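Below: the structure, in structure tokens.
There are 2 protein chains.
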Amino acid sequence: MPETDTASPTAPKAEGRVARRQRRNRAALIAAARAIMAEKGVDAATMLEIAERADVGAGTVYNYFKSKDELALAVLESLMQELAMRIETVTDTFEDPAQVYAFGIRTVLDTATTDPRWQQMLPRSEVIADALFRCMGPFAIRDLTNAVAAGRFRATDPALVWRLSCHAIIGVSLAITEGRQSADSKVPIIARLLAMAGIEGDGAEELAARPLPDLPSIQALPVGSAP
Amino acid sequence: MPETDTASPTAPKAEGRVARRQRRNRAALIAAARAIMAEKGVDAATMLEIAERADVGAGTVYNYFKSKDELALAVLESLMQELAMRIETVTDTFEDPAQVYAFGIRTVLDTATTDPRWQQMLPRSEVIADALFRCMGPFAIRDLTNAVAAGRFRATDPALVWRLSCHAIIGVSLAITEGRQSADSKVPIIARLLAMAGIEGDGAEELAARPLPDLPSIQALPVGSAP
DNA sequence: CTCAAAGTTGACGAATATTCATTTTCTTGC
DNA sequence: GCAAGAAAATGAATATTCGTCAACTTTGAG
Numbered sequence: 013m014p015e016t017d018t019a020s021p022t023a024p025k026a027e028g029r030v031a032r033r034q035r036r037n038r039a040a041l042i043a044a045a046r047a048i049m050a051e052k053g054v055d056a057a058t059m060l061e062i063a064e065r066a067d068v069g070a071g072t073v074y075n076y077f078k079s080k081d082e083l084a085l086a087v088l089e090s091l092m093q094e095l096a097m098r099i100e101t102v103t104d105t106f107e108d109p110a111q112v113y114a115f116g117i118r119t120v121l122d123t124a125t126t127d128p129r130w131q132q133m134l135p136r137s138e139v140i141a142d143a144l145f146r147c148m149g150p151f152a153i154r155d156l157t158n159a160v161a162a163g164r165f166r167a168t169d170p171a172l173v174w175r176l177s178c179h180a181i182i183g184v185s186l187a188i189t190e191g192r193q194s195a196d197s198k199v200p201i202i203a204r205l206l207a208m209a210g211i212e213g214d215g216a217e218e219l220a221a222r223p224l225p226d227l228p229s230i231q232a233l234p235v236g237s238a239p
Numbered sequence: 013m014p015e016t017d018t019a020s021p022t023a024p025k026a027e028g029r030v031a032r033r034q035r036r037n038r039a040a041l042i043a044a045a046r047a048i049m050a051e052k053g054v055d056a057a058t059m060l061e062i063a064e065r066a067d068v069g070a071g072t073v074y075n076y077f078k079s080k081d082e083l084a085l086a087v088l089e090s091l092m093q094e095l096a097m098r099i100e101t102v103t104d105t106f107e108d109p110a111q112v113y114a115f116g117i118r119t120v121l122d123t124a125t126t127d128p129r130w131q132q133m134l135p136r137s138e139v140i141a142d143a144l145f146r147c148m149g150p151f152a153i154r155d156l157t158n159a160v161a162a163g164r165f166r167a168t169d170p171a172l173v174w175r176l177s178c179h180a181i182i183g184v185s186l187a188i189t190e191g192r193q194s195a196d197s198k199v200p201i202i203a204r205l206l207a208m209a210g211i212e213g214d215g216a217e218e219l220a221a222r223p224l225p226d227l228p229s230i231q232a233l234p235v236g237s238a239p
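Protein chains in written order, with the numbering used here: chain W, 13 to 239; chain Y, 13 to 239.
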């Protein structure tokens with residue numbers, strides 16, 4: 013009769029012992045890193061301290077995360093996961109889309125910028141992109157769709173399109189909150205997106221300026237967790 | 013009346029003291045690295061040991077070389093510098109270009125492959141590219157010229173063309189000496205070159221196969237030391 | 001020209017991130 | 001159960017970074 017799972021050295025179950033240990037280690041590492049990074053800042057947190065707090069060897073961390081940056085990003089994701097839920101819950105009651113947008117950005121930045129390193133990583137966060145995307149979605153997606161329709165992307169890889177749109181939205185958001193642009197100016201999302209895709213010059217400008225046909229927005233794109 | 017330069021604390025001369033010290037450090041580092049790497053292999057040579065032998069601090073090495081790899085490459089260059097002269101001197105007396113070629117490759121590989129890391133770096137060596145280029149020059153340059161004429165490169169940057177041709181020659185040389193291709197089979201230099209330029213598929217194949225107009229070889233390209 | 005202050009550049013090495021050969025833990029096939 | 005093999009953990013060894021300091025250069029006033 014197997015108890016919880018503390019002392020049964022021969023019970024692989026559906027999920028083997030290795031898988032379980034790995035999940036524990038990964039979670040412990042993120043938790044340890046989150047605590048230490050929150051306390052001392054991302055840069056001052058050392059990999060050794062994190063490993064010790066998570067009760068694994070120094071080298072083991074690198075079986076789970078390629079680098080300190082990747083670990084920090086995982087921590088950011090974990091922070092954002094919670095935040096995203098809260099944002100959605102609250103903004104559910106809002107009526108003005110502009111307010112939804114403003115609230116989301118404000119909240120994210122207030123939280124994420126505890127440490128400058130995290131702000132820097134923000135554009136790479138899948139979770140926060142996801143959350144913001146749910147607020148901004150239809151608007152941004154229409155612009156992206158038009159860019160694809162204009163023929164600059166081969167939209168064969170939905171994951172790429174998805175990722176690009178997330179990055180574009182985050183980028184624009186940051187630009188706005190940094191005060192470089194006012195929120196109601198017409199932000200050239202397409203140009204930004206093209207730039208992020210590495211397409212610059214070579215007709216990108218004209219393309220971005222081309223008037224947009226009024227395609228219907230694509231609600232059907234995968235909005236769930238990252239691929 | 014300034015003596016040699018041992019005890020004159022206020023004589024900057026044409027070349028300042030800093031510049032002199034830097035040259036000494038750089039040379040000492042390469043010499044130390046060359047000795048240690050030759051003795052124990054590139055991988056087993058530690059940066060600390062090299063720094064100590066060169067009589068500088070551990071971190072100082074990184075003021076001169078971005079990484080251990082770059083230092084190893086500098087050592088390879090220094091090895092090849094000597095080798096290149098010897099090759100040229102000897103092959104001066106050869107009459108058959110094929111012999112020149114064979115001798116050059118053979119000699120380079122015999123020396124450079126002391127350590128596998130160096131063989132791996134060979135294609136990045138400017139000096140050996142230069143040396144081999146002088147042997148193979150006219151032949152390889154003609155092929156390159158045709159590739160340019162075929163319109164795949166904008167040949168606006170001579171340095172790029174030069175670099176590419178060096179890489180192509182080294183790459184082909186290695187392929188031959190590694191026994192993957194016999195020396196007298198028609199090696200697809202252009203295809204290799206295009207691949208190294210990052211141009212693959214997308215018409216590169218057809219281009220490589222296109223029959224070559226018999227352009228005159230360009231002897232006037234800069235063959236001196238790397239730009 | 002001489003000197004001192006301010007500014008620049010490079011050296012330093014302790015601190016830290018990352019790698020890698022070895023050891024431990026788990027899985028698989030009998 | 002057990003042995004062979006695979007996967008993961010380990011931490012000592014190593015590469016690399018970074019704040020600090022010293023050497024040198026420049027500036028400007030006497």
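In this text, a Cβ means the ideal position worked out from N, Cα and C, and glycines have one as well. Being a predicted model, the structure only gives us computed values, none of them experimental.
Note that the C-beta distance between residue 92 of chain W and residue 54 of chain W is not below 8 Å. Per DSSP, residue 36 of chain Y is one residue of the alpha helix (DSSP H) stretching across 29-52. Pairing residue 49 of chain Y with residue 73 of chain Y gives a Cβ-Cβ distance that is not under 8 Å. Counted as a single uninterrupted DSSP element, the alpha helix (DSSP H) harbouring residue 60 of chain W occupies residues 59-66. The C-beta of residue 129 of chain W has 16 or more other C-beta atoms within 10 Å across all chains shown, which makes the residue buried.
Contact between residue 62 of chain Y and residue 85 of chain Y is absent: CB atoms are separated by about 14 Å, not below the 8 Å threshold.
Distance from the CA of residue 38 of chain W to the CA of residue 98 of chain W, rounded to the nearest whole angstrom, comes to 24 Å. Rounded to the nearest angstrom, the gap between the Cα atoms of residue 77 of chain Y and residue 45 of chain Y is 12 Å.
When DSSP states are grouped into helix, strand and coil, residue 78 of chain Y belongs to the coil group.
Between residue 70 of chain Y and residue 60 of chain Y a beta carbon distance of about 6 Å is seen, short of the 8 Å cut, so the two are scored as contacting. When only Cα atoms are considered, residue 127 of chain Y and residue 75 of chain Y end up about 25 Å apart. In this structure, the alpha-carbon of residue 31 of chain Y lies about 49 Å from that of residue 89 of chain W. DSSP places residue 72 of chain W in the coil class of the three-state scheme, outside both helix and strand. Counting along the chain, the unbroken alpha helix (DSSP H) around residue 129 of chain W starts and ends at 128-133. Excluding its 5 nearest sequence neighbours in each direction, residue 33 of chain W has no C-beta neighbour in its own chain below 7 Å. Rounded to the nearest angstrom, the gap between the Cα atoms of residue 35 of chain W and residue 29 of chain W is 10 Å. The C-beta of residue 137 of chain W has 16 or more other C-beta atoms within 10 Å across all chains shown, which makes the residue buried. Residues of the same chain with a CB within less than 7 Å of the CB of residue 57 of chain Y, apart from the 5 flanking positions on each side, are 45, 48, 49 in chain order.
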